[in-house]
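Asker: In terms of our numbering, the sequence shown is numbered consecutively and its last residue is 657.
Mind having a look at this structure? Questions to follow.
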Amino acid sequence: MTATTDGSTGATTPLAAAATEHEPHRTGGAAAEAVRRATDFLLARQDAEGWWKGDLETNVTMDAEDLMLRQFLGIRDEKTTRAAALFIRGEQREDGTWATFYGGPGDLSTTVEAYVALRLAGDEPEAPHMAKAAAWVREQGGIAASRVFTRIWLALFGWWSYDDLPELPPELIYFPQWFPLNIYRFGCWARQTIVPLTIVSAKRPVRPAPFGLDELHTDPAVPVPPQPLAPAASWDGAFQRLDKVVRAYRKVAPRRVRKAAMRSAARWIVERQENDGCWGGIQPPAVYSVIALHLLGYDLDHPVLRAGLEALDNFAVWREDGARMIEACQSPVWDTCLATIALADAGLPADHPQLVKAADWMLGEQVVRPGDWSLSRPQLPPGGWAFEFHNDNYPDTDDTAEVILALRRVEHPDPGRVDAAVSRGVRWSLGMQSRNGGWGAFDVDNTSVMPTRLPFCDFGEVIDPPSSDVTAHMVEMLAHEGKSEDPRTRRGVRWLLSEQEPSGAWFGRWGVNYVYGTGSVVPALVAAGLAPGHPAIRRAVAWLEKVQNKDGGWGEDLRSYQPGTAWHGVGESTASQTAWALLALLAAGERESAATARGVEFLASTQAEDGSWDEPYFTGTGFPWDFSINYHLYRQVFPLTALGRYLHPKPSAGKGS
Numbered sequence: 001m002t003a004t005t006d007g008s009t010g011a012t013t014p015l016a017a018a019a020t021e022h023e024p025h026r027t028g029g030a031a032a033e034a035v036r037r038a039t040d041f042l043l044a045r046q047d048a049e050g051w052w053k054g055d056l057e058t059n060v061t062m063d064a065e066d067l068m069l070r071q072f073l074g075i076r077d078e079k080t081t082r083a084a085a086l087f088i089r090g091e092q093r094e095d096g097t098w099a100t101f102y103g104g105p106g107d108l109s110t111t112v113e114a115y116v117a118l119r120l121a122g123d124e125p126e127a128p129h130m131a132k133a134a135a136w137v138r139e140q141g142g143i144a145a146s147r148v149f150t151r152i153w154l155a156l157f158g159w160w161s162y163d164d165l166p167e168l169p170p171e172l173i174y175f176p177q178w179f180p181l182n183i184y185r186f187g188c189w190a191r192q193t194i195v196p197l198t199i200v201s202a203k204r205p206v207r208p209a210p211f212g213l214d215e216l217h218t219d220p221a222v223p224v225p226p227q228p229l230a231p232a233a234s235w236d237g238a239f240q241r242l243d244k245v246v247r248a249y250r251k252v253a254p255r256r257v258r259k260a261a262m263r264s265a266a267r268w269i270v271e272r273q274e275n276d277g278c279w280g281g282i283q284p285p286a287v288y289s290v291i292a293l294h295l296l297g298y299d300l301d302h303p304v305l306r307a308g309l310e311a312l313d314n315f316a317v318w319r320e321d322g323a324r325m326i327e328a329c330q331s332p333v334w335d336t337c338l339a340t341i342a343l344a345d346a347g348l349p350a351d352h353p354q355l356v357k358a359a360d361w362m363l364g365e366q367v368v369r370p371g372d373w374s375l376s377r378p379q380l381p382p383g384g385w386a387f388e389f390h391n392d393n394y395p396d397t398d399d400t401a402e403v404i405l406a407l408r409r410v411e412h413p414d415p416g417r418v419d420a421a422v423s424r425g426v427r428w429s430l431g432m433q434s435r436n437g438g439w440g441a442f443d444v445d446n447t448s449v450m451p452t453r454l455p456f457c458d459f460g461e462v463i464d465p466p467s468s469d470v471t472a473h474m475v476e477m478l479a480h481e482g483k484s485e486d487p488r489t490r491r492g493v494r495w496l497l498s499e500q501e502p503s504g505a506w507f508g509r510w511g512v513n514y515v516y517g518t519g520s521v522v523p524a525l526v527a528a529g530l531a532p533g534h535p536a537i538r539r540a541v542a543w544l545e546k547v548q549n550k551d552g553g554w555g556e557d558l559r560s561y562q563p564g565t566a567w568h569g570v571g572e573s574t575a576s577q578t579a580w581a582l583l584a585l586l587a588a589g590e591r592e593s594a595a596t597a598r599g600v601e602f603l604a605s606t607q608a609e610d611g612s613w614d615e616p617y618f619t620g621t622g623f624p625w626d627f628s629i630n631y632h633l634y635r636q637v638f639p640l641t642a643l644g645r646y647l648h649p650k651p652s653a654g655k656g657s
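Listed below in structure tokens is the structure:
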């Protein structure tokens with residue numbers, strides 16, 4: 001079925017039809033049975049140590065870059081190559097392209113990288129699937145039209161010239177914090193990537209190319225079509241001219257200064273390697289850090305590189321068909337706190353052994369040492385939680401809020417230990433509030449627009465400003481900790497109200513999209529004291545009712561992130577997005593509404609016999625539009641949470657209007 005611009009998909013299930021006829025007993029019975037099966041399914045998938053982790057699926061650039069890294073280092077083996085190629089081929093679309101999310105359009109850079117990886121695996125350019133991909137690449141402008149990151153990978157093998165890439169001088173490491181373009185003006189994920197790339201930019205390594213890529217150029221004789229500079233008075237024009245200045249500096253840079261800068265950058269990188277060998281718990285900084293350090297003389301048996309490569313191996317998911325998928329990141333803390341909330345809200349006893357085990361594991365994951373965030377908050381004691389197994393440098397406010405909400409749902413045998421951890425987490429969270437009243441994910445007031453204008457930054461978000469979904473989780477947590485009237489919580493509430501769209505929805509930075517933002521904000525506002533009758537809440541309810549699909553569910557496509565789109569709140573119904581909408585409706589006092597009943601029945605009617613839900617669509621966001629995520633546990637934890645709250649309603653926390 002294809003979604004229409006009025007938010008419908010056409011089909012109406014028998015259970016959804018029954019819900020519109022107001023049969024609450026049938027709806028409640030279906031919900032109870034769904035909760036029972038979903039609870040059993042989730043409990044059976046907890047690790048013995050207490051955590052949950054679903055696969056984190058992104059796109060084939062992770063797999064292609066893994067092969068290119070191995071080729072660059074000289075360690076590519078037949079087994080890995082065969083398994084990666086099997087996965088990449090399986091993700092190719094009928095038109096020969098590769099997309100960045102399920103059901104999405106072909107993406108040029110992703111297609112270029114996938115094509116190169118398959119060439120490494122031995123696929124010949126004359127093969128039908130390869131010829132189709134190459135023809136599409138040429139139609140889109142060829143390699144020259146791909147993003148900078150893709151062309152950096154190609155430059156490593158001489159398929160692209162470093163002279164035609166933006167310059168990244170390693171001296172950047174010396175820029176003071178007050179300087180507009182110092183590394184801490186970038187979001188943490190961007191700075192972790194940029195620092196090692198400054199070494200690559202300075203060294204300009206080229207490994208022998210095993211084949212040519214003329215078939216990916218519109219004109220192999222002119223691989224870089226000339227383009228005029230943008231007007232000097234524009235941001236683009238100003239930074240294009242700045243890049244020319246930096247290029248000129250490269251020719252005269254004092255050798256001792258450049259070597260010292262690269263040593264300082266290397267020290268910065270090594271200091272931020274985690275105990276598991278990774279950097280920031282994410283793939284891009286890890287692969288570039290390995291390359292950068294290797295260029296500076298670290299051999300592959302060096303403990304730093306050996307641990308880094310082992311960490312990357314741990315990101316591999318081997319499938320039953322022999323294919324190998326690389327996760328861009330791993331999400332155990334996030335998955336565990338969400339699973340704990342889901343099970344508790346579904347009625348699992350608070351002292352259930354598996355909830356206690358989950359709480360024990362989460363308590364052991366609290367970050368109790370300073371990280372990069374402390375540069376802007378040097379007096380703030382640590383106390384947050386990170387997303388991954390190991391990421392002490394970059395705890396985030398979103399995980400911290402949800403972990404605290406999860407811990408408070410568990411009856412732990414050592415309540416003093418929980419209270420102490422929560423106290424540290426709340427203190428850290430309050431200290432991470434930005435000046436405007438909102439919260440970013442990793443840093444405070446990381447809002448400068450200058451980094452976004454650099455020619456290098458043509459892909460994804462590079463700063464970390466406050467977002468509605470993260471701020472909502474913070475406000476909800478603070479309210480549950482009895483801090484609804486704290487001035488900092490009230491500032492957060494005011495900021496959220498100011499961010500509501502004219503439609504009544506809220507933008508979702510870390511989940512797709514307005515359904516996620518609205519599903520996060522409404523429960524937070526009600527928890528913080530807004531009455532369900534508040535105008536902002538009523539506008540949100542009206543919007544959710546308007547975009548509900550005819551089958552009773554909700555869905556929203558990644559294309560909703562593109563400006564001027566008609567996709568806001570529009571897409572095939574999914575279990576996770578339906579649950580987000582229900583969480584908002586239930587918080588808004590809409591338990592008895594027809595929209596809620598239809599949503600509950602959609603979840604009950606689409607559940608598999610084993611208690612799971614199928615969800616091929618990507619509902620998680622790394623970078624809006626540019627980098628999308630399918631969290632394989634979202635389809636389990638959010639429906640269970642929503643159905644649990646439907647079956648076990650709690651009195652509204654709202655006061656006044």
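Beta carbons: idealized from backbone N, C-alpha and C, even for Gly.
#1: Using only the alpha-carbon positions, how far apart do Met-325 and Asp-443 sit?
#2: Can you round the beta-carbon distance between Ala-531 and Glu-476 to whole angstroms, since I take them to be within the 8 Å contact cut?
#3: So for Gly-158, helix, strand or coil by DSSP?
#4: State the DSSP-derived secondary structure class of Ala-316, mapped to helix, strand or coil.
#5: Determine which residues share a DSSP beta bridge with Asp-396 and list them.
#6: In terms of residue numbering, what span does the beta strand (DSSP E) encompassing Phe-627 cover?
#7: List the endpoints of the continuous beta strand (DSSP E) containing Gly-622.
#8: Can you grab the Cα-Cα spacing for the pair Ala-16 / Ala-346, in whole Å?
#9: Compute the Euclidean distance between the alpha carbons of Ser-234 and Arg-147, then round it to the nearest angstrom.
#10: Name the residue from Asn-549, Ile-537, Pro-616, Gln-562 whose alpha carbon lies nearest to the alpha carbon of Leu-585.
#11: Which of helix, strand or coil does DSSP assign to Asp-551?
#12: Glu-21 by DSSP, collapsed to three states: which one?
#13: Which residues in the same chain as Val-304 place their Cβ atom closer than 7 Å to its Cβ, once the five residues preceding and following it in sequence are excluded?
#14: Mind checking which residues open and close the beta strand (DSSP E) that includes Met-325?
#15: May I ask you to report which of helix, strand or coil DSSP gives Gly-28?
#16: Tell me whether Ala-30 is buried or exposed, calling it buried when 16 or more other Cβ atoms sit within 10 Å of its Cβ.
#17: Among Gln-192, His-352, Ala-342, which one has its Cα closest to the Cα of Ala-280?
#18: Based on the DSSP output, what are the partners of Thr-574 in its beta bridges?
#19: Can you list, in chain order, the residues of its chain with a C-beta nearer than 7 Å to that of Pro-105? Leave out the 5 residues immediately preceding and following it.
#20: At 4 residues or longer, and completely inside the segment 86-137: list those alpha helix (DSSP H) runs for me, N to C.
#21: Contact between the segment 459-466 and the segment 618-637: three or more CB pairs below 8 Å?
#22: Assuming Val-515 contacts Trp-554 (C-beta within less than 8 Å), just tell me the rounded distance between them.
#23: Note the first and the last residue of the continuous alpha helix (DSSP H) segment covering Lys-483.
#24: What does Leu-56 pair with, by DSSP beta-bridge criteria?
#25: Could you pull out every unbroken alpha helix (DSSP H) segment of at least 4 residues lying fully inside the segment 217-268, listed in chain order?
#26: Check whether the Cβ atoms of Val-512 and Ser-560 lie closer than 8 Å to each other.
#27: Could you check the C-alpha separation between Gly-182 and Asn-446 for me, to the nearest Å?
#28: Rounded to whole angstroms, what's the CA-CA distance from His-412 to Thr-397? Just pull it up for me.
#29: So, helix, strand or coil for Gln-273, using DSSP?
#30: Quick check on the DSSP output: the alpha helix (DSSP H) that includes Trp-178 runs from which residue to which?
#31: What span of residues does the alpha helix (DSSP H) with Trp-613 cover, start to end?
#32: Looking only at its own chain, which residues have a Cβ that is under 7 Å from the Cβ of Phe-72, when we skip the five neighbours before and after it?
#33: Is Ala-479 closer than 8 Å to Arg-409 when the C-beta atoms are compared?
#34: Along the alpha helix (DSSP H) that carries Val-422, what are the first and last residues, could you check?
#35: Within the same chain, show all residues whose beta-carbon is closer than 6 Å to that of Asp-40, passing over the 5 residues directly before and after it, in chain order.
#36: Since Thr-58 contacts Phe-627 with CB under 8 Å, what's their CB separation in whole angstroms?
Answerer: On the basis of the data shown:
#1: 31 Å
#2: That belief does not hold up - the Cβ atoms of Ala-531 and Glu-476 are roughly 16 Å apart, past 8 Å.
#3: coil
#4: strand
#5: Trp-385
#6: 627-631
#7: 620-623
#8: Note that Ala-16 has pLDDT 39, beneath the 50 cutoff, so the model's placement of it is unreliable and the number below is only indicative. About 21 Å.
#9: 21 Å
#10: Ile-537
#11: coil
#12: Only weak support exists for where Glu-21 lies, its pLDDT of 46 falling under 50; the coordinates are left without a value.
#13: Val-270, Gln-273, Leu-293, Tyr-298
#14: 324-326
#15: helix
#16: buried
#17: Reading the sequence as shown, one finds Gly at residue 280 and not Ala. For Gly-280, the nearest C-alpha among the options comes from Gln-192.
#18: Trp-554
#19: Ala-99
#20: 108-120
#21: yes
#22: 5 Å
#23: It is not in any alpha helix (DSSP H) - Lys-483 carries neither H nor E in the DSSP assignment.
#24: Tyr-631
#25: 235-252
#26: yes
#27: The question names Gly, but residue 182 in the sequence shown is Asn. Approximately 12 Å, taken between the alpha carbons.
#28: 23 Å
#29: strand
#30: Trp-178 -> no alpha helix (DSSP H), and no H or E assigned at all.
#31: Note, Trp-613: premise wrong, no alpha helix (DSSP H); not H, not E.
#32: Leu-156, Arg-207, Ile-291
#33: no
#34: 415-431
#35: Gly-611
#36: 7 Å
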